[in-house]
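Structure record follows, encoded as structure tokens.
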């Protein structure tokens, strides 16, 4: 796995971590920052990752709706982890 993919996976794990920690307030700014970093890194890897970036953008748009619902946060975090996992296949 190249360095860019490793950076993306690390950023996405950080985003998912804030979603999974339902005992604390959702850290919107942190999640936003790491999603932006991941999107920039996705631009550096081959075209096959365009679908992953599109998925990430759509999940980023959902961030406002998941903040106060623990179940939605967990499911959203799972979607982020799925993108990270699919990145290893691309």
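Residue numbers (the working numbering): 820 to 909.
We treat Cβ as the ideally placed atom computed from N, Cα and C, and that holds for glycine.
task: Tell me where the alpha helix (DSSP H) around residue 863 begins and ends.
output: No alpha helix (DSSP H) holds residue 863; DSSP gives it neither H nor E.
field: Meets three-Cβ-pair contact criterion under 8 Å: the segment 887 to 895 and the segment 850 to 860
entry: no
message: If distances are taken between C-alpha atoms only, which option among 876, 888, 884 comes closest to residue 902?
response: 876
query: In chain order, what residues of the same chain have a beta carbon less than 7 Å from the beta carbon of residue 827, not counting five sequence neighbours either side?
result: 857, 860, 861, 906
message: Taking 8 Å as the threshold (C-beta atoms), are residue 838 and residue 899 in contact?
response: yes
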